Every structure is written in structure tokens, then in C-alpha cells.
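Novice: Questions regarding the structure given below will be posed in turn.
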Amino acid sequence: MTGTERAEPSDVREPDAAGVALAEPAADDEAVTPAEPGEMPPTHWRRHPNGRWIVGDPGNQPAVVATPAVLVRRRPDLAVDGCRVGSLDYRAASLRGLSHLETGKPRQDSYAVAVTRDGHWLVGCVADGVSAGKLSHRAADLACEKIVSELIDGLAEAGIEADLGKLRWDAAVDSANDAIKNEFLRTLRSSRNQQQEIEADEVTLADVRQHMSSTAVAFVVATHPGPDGTHRSLVTAIAGDSSALLLRDGAWSPVTAVKGAGDEVASSEVRPLPRVVTPEPNAIQLRPGDVLAVISDGIGDPMGSGGGVVGRFLAEQWTSPPDTIEFAHQVGFYRRTFVDDRTAVAVWTAAEP
Amino acid sequence: MSGSSHGDDRLLVLPFYVVVDVSLSMSVGADDGMTPIEAANKILPTVIDGIEKSPTLGDVVRLGAVDFSDDARVVMRLDDVRNIDPIPQFAVRGATSYEAAFRLLRQEIEKDYATLRGDNLKAYRPAIFFITDGEPTDDHDDIVRAFKDLTDPAFKLRPNIIPFGIGTATKAQLDQWVHPNAADGAKKPMRSYVAGDGVDAAKAITKVAEVLLSSVIASAQSVTDHGSGGGFVLKDEDLDSDWN
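This is the structure:
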């Protein structure tokens, strides 16, 4: 959940006008429809000759021809990271989606991962710039940067004994809000006549959101297990529909709310930053062998609550930390109708010795 | 199409219906130009061609076509545009029953969505592009009843309806068949388009294809950006307030 809203005019769209999710929750009978010779059952995955994974039906996705993002400089289509910290391994990848590749728009997803100077905490954030805003990719970058930076500061002094309940999420949100608004004002001023002064208080956060806004989900994981063998962790969906799932004993379970789960009429309004919001952290104890996946909706939507073919594919691929470049391949699978940017940061705890 | 039955495995579908008045008056056109029905017959090829230009648009869009005169008929079952071959034609016959059109649409939407559900697809609410030259020949109260059935708030699949009027159709007449309707206080109302006096009907109809295709693209984008929070987006930036 995105936490309690502090008072602010709402710009929520009419839930009723949202899409209707009509498929009944059907029995999960794992039925595999007999395939035509040479055709793959929709419950399986394989490699496309070009190296990409196909999960179920690829539709016509392999035919997409990438076009450069227009008027956006220094925005790689792909970002990847992978490291070992203490008894954690993490992998991170952010990919420009097929829709943006086709239409010449930049990758609007972003992530940041950092370790406290004392090495006791791994901190990260995944953000999804909201497409309506032309500068939303910058909002996503700033949200990640500022939130991670505030969390790192909050954990800097306390070391391994840090009280996670004292982390200042409001300060992290304020810092992201300020940075996004300032970037917007800077862009506005540079695009207007110098004579015309724009005061910061003339521009509301709702004004800023028209041009640049982003979701954000952040996490904190202890790099070493505590006396009970688990890693103290927090996952906080700060704004919008980016989410997190936990892979334990081969099965996924949602850590944050799953978009549209159980709703007949989907009402998952995206309520992005900048916005005054008080996030509600979810505390989890990561056990040895657990995998925490923090994701944008580009991967959250095809994954759902993790019980389908995408969840099984990723569970199998992520039984142990993959090669970092291969991790990007696993995030960038083809699957018909899912064409958004994809971002995942996955954290593995070392299996019990 | 087959699929595993798990709810997490649902692919997405955006259904669009093109509904065309095939009353005899649709075959009467300008002296030198196309008749309205000839123009209407260019809509499906234009839209299908546009969808096929993008590799991924055809993955998510489904297109169906219905005509109406004394009765209403399914011209093209809702389908993946890549399965449509040959593209069917609209042909004129008889009078103009809106009631028949609205009743058939409710029935077909229910039938089509049952099929989509069976294929484990997650479908967004449908959009109907309703093209008419006005002057329905059936009883007004009967039309109103059929329209209320189609747009009943309890009907989960109630469509977005965008009427396009040519010939004698007036704004006042067509606005009552818009759904959701600004007059009812809808937050995301749809609208009607009416070609004014002196506007060539056939030329006006060719604009429908543009609005439809732009809307298809914008709706697919909305689904990409907002997942299940997205859905139908009416996109008409190339069109004046009406066709005047």
C-alpha cells in the first residue's frame, strides 16, 4: 500500500472508468494444452533464436524494431548491476520497454542500489516515471537518488543495531518531492524568458505531476543475518504501483499490495510523487535462501501475485543468483501484450551452510 | 487460442466495435463523390492496416463490426485483426433501428467476453464507434429502453459509446446515445461528432477511421502505462470540435 495520504487535493481518476478485469479466478489445474508440433504450450518458456526469453505467448513482440528516444540525451536503454555484500547477492536491471522502443520514447523506469559505509545495510529503490509527463524519467531518477540517499543517512550512525522503526520516511519523501519540484522549476525557468521570474510557491506539486512524476518502492536489508539467522528488512511502497514479492521455498508471495488482485473492476489509480504522503513500511525477516524482488509494474503486471507462468519462470531462473547480464535477459522476456519498461532489483540471502 | 487457466497468466485485450447504419439512405451520396456506405467500407481496411503497422498493437487490440437497418447483424465477430481475411463489407438494406443495434450489441458483448474469459484474457471495457445518418425509424421509447440495457450500471461490460452523425443526424439527437455521458455527471465522458450542413458525408466518415485508429493507439498506450488502471482513451486531436 502507498500509506496514508496527508491532506492534498486529489487528482484520482474515476475508478469506474478504469479497465474491467473480467477473468474469473479459475482453478489452477496446471492444464497444459496439447501443442501443435513446433509450438510451445502457453505454460512454458524457451529462448527465441535472438537470445531473448519467451514466456508463454510472445505475440508479435520479436518483430519490434527499436527506434532512438527523441530529444533525450544520456539515457541508456538498459542498466544493470550485480554484487555480493555480506551474505547477500543482488542483481538489478532496468530495460526500456517494447512500447517505448517502438515509439521513440526513453526508458522511464529507474533504480538505485547502495550500501551504507559500514557495510551493514543494503538500500535500494525502484521507480517508474509516469508516461504522461515528458520529464518523468528524470522524476524516477531523482526519486531513487533522494530516497536511497536519505535512507543511507538514516542508517549511517546506527550500524547493525539500527532501529528500522526510526527511519524517517517522511524526510525521504520530502527530499524526493523537493528534488523533483526543483528540477521542474529549473527546466521551466530555462525554457522561459529570463525576465519572467517564477516563484516556487506559484507551482503546486499537482502542477509538477502534470510534467514529471514517478512511483517509488524502497527497501532496506541487513547484509548479515541476526542471531536468529534472519536478515532484518523493510519494504515500503512509497507511491504508485511499483511493488515487491518474496520468493521462499520456490513460491512467490506479495510483500506489498498486488495491483488489481481480487478486484473485478480494477481501480489501481497511480498516485505518484511528488506528493505529500506518509509511507507505511512492511517489516520482513528474510530467511536463508529467500529472494526479495522489488519491481516496477512492467514486470509486476505480467507476474501478478507470482502464481502463473511468469512467476514460475522467474522462480526457476532465480533459485540462485544468475550472471548479471543474464539477469537482464530474464527481466526482458517476451510476453504478448506486456510492453512496458521493466525494472527488477532482486536480493538473495545466502542459503544455510 | 488456448491458455493456462491461472489468473496470473491473463493477457490483455482491448475490444473495439465498429457499428454502421446500413439504411438505404446511406447509399445516397454527393453527385460526384463516394456514397456514405462506400466510405464506411473503408473504415475497417484503414484501421486494420494501421494496427498491423505496429508489431505490438495487434497483440492487444480486438476488432468487431455490427451493422443495423430493420434488424442488426454481426458483420465481423470480435477478433484479432490478423485473423480477419477477407475484410467483410457493409451493404445497405431497409430502415434504421437503433433499438436493434443496441440490443444486439449487448448480446454480442456478453458473448464475446465469455469467449475472452474462456481464453483466460483480461479484457478492458469495450468501445463502440456508432456511425449513423440519423432518423431512426423505430419508437423512441424502445430505443431508450435498449440503450439503458446496454449502458446499465449493473452491466459490468457496459461500453464506451461514441456516435458519429452524418446527413440529417443532429447533435441534439446523437448526444443522448453517448456513454458515459457528461449530462449524467460522468467524470470521463465520451462525446458525439456530427458533420455539419454542407460537409460531405463520405469525407466525414473517412475521419472516423482516423479517430478510431488514434484511439486504438492511445488506449494501448494507456494500458501499457497504467496496466489494469488503463483502458479506452478517445483520441481526436486531428478532428475539429465537430466536422464543420
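First to last, the protein sequences are chains G and D. Per the UniProt record's numbering: the first sequence = residues 1 to 353. Per the UniProt record's numbering: the second sequence = residues 1 to 244. Don't be surprised by glycine CBs; every beta carbon is placed ideally from N, CA and C. Being a predicted model, the structure only gives us computed values, none of them experimental.
Here's the rule: buried if 16 or more other CB atoms are within 10 angstroms of the residue's CB, otherwise exposed. What is residue 325 (chain G)?
Specialist: Looking at its Cβ environment, which holds fewer than 16 other Cβ atoms inside 10 Å, residue 325 (chain G) is exposed.
Novice: Could you please give the first and the last residue of the uninterrupted beta strand (DSSP E) stretch that includes residue 163 (chain D)?
Specialist: Note, residue 163 (chain D): beta strand (DSSP E), 160 to 165.
Novice: Mind pulling the alpha helix (DSSP H) runs of 4 or more residues that sit fully within the segment 173 to 202 of chain D?
Specialist: Runs found: none.
Novice: Does any CB atom of chain D fall closer than 7 angstroms to the CB of residue 336 (chain G)?
Specialist: Yes, contact with chain D.
Novice: List, in chain order, every chain D residue whose beta-carbon is nearer than 9 angstroms to that of residue 235 (chain G).
Specialist: Under the 9 angstroms cutoff, chain D gives no residues; its nearest Cβ is about 20 angstroms from residue 235 (chain G).
Novice: Tell me the rounded alpha-carbon separation between residue 81 (chain G) and residue 112 (chain D).
Specialist: Straight-line Cα distance between these residues: approximately 45 angstroms.
Novice: What does residue 303 (chain G) touch in chain D if you count any residue whose Cβ is under 9 angstroms from its own?
Specialist: Within 9 angstroms Cβ-Cβ: 8.
Novice: Which chain D residues sit within Cβ distance under 8 angstroms of residue 102 (chain G)?
Specialist: Those within 8 angstroms of residue 102 (chain G) in chain D are 54, 55, 56.
Novice: In the structure shown, what three-state DSSP assignment does residue 350 (chain G) receive?
Specialist: Three-state DSSP puts residue 350 (chain G) in coil, outside helix and strand.
Novice: Taking buried to mean at least 16 other C-beta atoms within 10 Å of its own C-beta, is residue 10 (chain D) buried or exposed?
Specialist: With 16 or more Cβ atoms within 10 Å of its Cβ, residue 10 (chain D) is classed as buried.
Novice: Name the two residues that bound the continuous beta strand (DSSP E) containing residue 110 (chain G).
Specialist: Element bounds for residue 110 (chain G): 109 to 115.
Novice: Can you list, in chain order, the residues of its chain whose CB lies under 7 angstroms from that of residue 64 (chain G), leaving out five sequence neighbours each side?
Specialist: The answer, listed in chain order, is 98, 101, 102.
Novice: When the Cα atoms are used, what is the spatial distance from residue 236 (chain D) to residue 114 (chain G)?
Specialist: If you take the alpha carbons of residue 236 (chain D) and residue 114 (chain G), they lie about 46 angstroms apart.
Novice: What separation, rounded to the nearest whole angstrom, lies between the Cα atoms of residue 163 (chain D) and residue 111 (chain G)?
Specialist: Taking the straight line from one Cα to the other gives about 45 angstroms.
Novice: Going by other Cβ atoms of all chains shown within 10 Å of its Cβ, with 16 needed for buried, is residue 139 (chain D) buried or exposed?
Specialist: Exposed.
Novice: Hey, quick one: how far does the alpha helix (DSSP H) through residue 117 (chain D) stretch, first residue to last?
Specialist: Counting along the chain, the alpha helix (DSSP H) containing residue 117 (chain D) begins and ends at 98 to 118.
Novice: Which chain D residues are close to residue 240 (chain G), counting only those with a beta carbon under 7 angstroms from its beta carbon?
Specialist: In chain order: nothing, as chain D lies at least about 10 angstroms away.
Novice: Please determine, among D:88, D:40, D:109, D:186, the residue with the shortest C-alpha to C-alpha distance to residue 165 (chain D).
Specialist: The residue with the shortest Cα to Cα distance from residue 165 (chain D) is D:40.
Novice: Would a check of beta-carbon distances place residue 59 (chain D) closer than 7 angstroms to chain G?
Specialist: True, the Cβ-Cβ gap to chain G drops below 7 angstroms.
Novice: Check whether the Cβ atoms of residue 254 (chain G) and residue 214 (chain G) lie closer than 7 angstroms to each other.
Specialist: No; because the gap between Cβ atoms is not below 7 angstroms, this pair is not in contact.
Novice: Taking C-beta pairs closer than 9 angstroms, name the residues in chain G that residue 221 (chain D) reaches, listed in chain order.
Specialist: Simply 99, 103, 131.
Novice: Ends of the beta strand (DSSP E) at residue 282 (chain G)?
Specialist: Segment 282 to 286, the beta strand (DSSP E) holding residue 282 (chain G).
Novice: Smallest Cα separation from residue 284 (chain G): which of G:238, G:118, G:52, G:244?
Specialist: The candidate whose alpha carbon is nearest that of residue 284 (chain G) is G:244.
Novice: With DSSP collapsed to three states, give me the class of residue 122 (chain D).
Specialist: Correct three-state label for residue 122 (chain D): strand.
Novice: Report yes or no: is there a C-beta of chain D within less than 7 angstroms of the C-beta of residue 332 (chain G)?
Specialist: Closer than 7 angstroms: no.
Novice: Counting only the same chain and skipping the five closest in sequence on each side, list residues whose C-beta sits under 7 angstroms from that of residue 208 (chain D).
Specialist: So the list reads 43, 129, 131, 164, once near-sequence residues are dropped.
Novice: Figure out for me which residue from D:184, D:144, D:92 has the closest Cα to the Cα of residue 69 (chain D).
Specialist: Taking only the C-alpha atoms, the option nearest residue 69 (chain D) is D:92.
Novice: Our contact map puts residue 58 (chain D) next to residue 80 (chain D) with C-beta atoms below 8 angstroms; I'd like the distance itself, whole angstroms only.
Specialist: That belief holds up - the Cβ atoms of residue 58 (chain D) and residue 80 (chain D) are roughly 7 angstroms apart, short of 8 angstroms.
Novice: I need the boundaries of the beta strand (DSSP E) containing residue 175 (chain G), first residue and last residue.
Specialist: First-last for residue 175 (chain G): 169 to 191, but that is the alpha helix (DSSP H), not the beta strand (DSSP E).
Novice: Would residue 30 (chain G) be called buried (16 or more neighbouring beta carbons within 10 Å of its own) or exposed?
Specialist: Residue placement at residue 30 (chain G) is poorly supported in this model, since its pLDDT is 33, which falls under 50; the coordinates are not used for a value here.
Novice: So, at 7 angstroms on beta carbons, what are the nonlocal neighbours of residue 272 (chain G) in its own chain, with the 5 sequence-adjacent residues on each side left out?
Specialist: Excluding residues within five positions, the ones whose Cβ falls inside 7 angstroms are 130, 209, 213, 214, 215, 239, 240.
Novice: Which of the three DSSP states, helix, strand or coil, is assigned to residue 26 (chain D)?
Specialist: Of the three classes helix, strand and coil, the one that applies to residue 26 (chain D) here is helix, per DSSP.
Novice: May I ask you to list, following chain order, the residues of the segment 12 to 24 of chain D that have a beta carbon less than 9 angstroms from some beta carbon of chain G?
Specialist: From the segment 12 to 24 of chain D, only 12, 13, 14 have a Cβ closer than 9 angstroms to chain G.
Novice: Counting only the same chain and skipping the five closest in sequence on each side, list residues whose C-beta sits under 8 angstroms from that of residue 98 (chain D).
Specialist: Only 68, 132, 136, 138, 143, 146, 147, 177 meet the Cβ criterion.
Novice: DSSP three-state call for residue 231 (chain G): helix, strand or coil?
Specialist: In the structure shown, residue 231 (chain G) sits in a strand (DSSP, three-state: E or B).
Novice: So is residue 224 (chain D) in contact with chain G if we call contact Cβ pairs under 7 angstroms?
Specialist: Residue 224 (chain D) counts as touching chain G.
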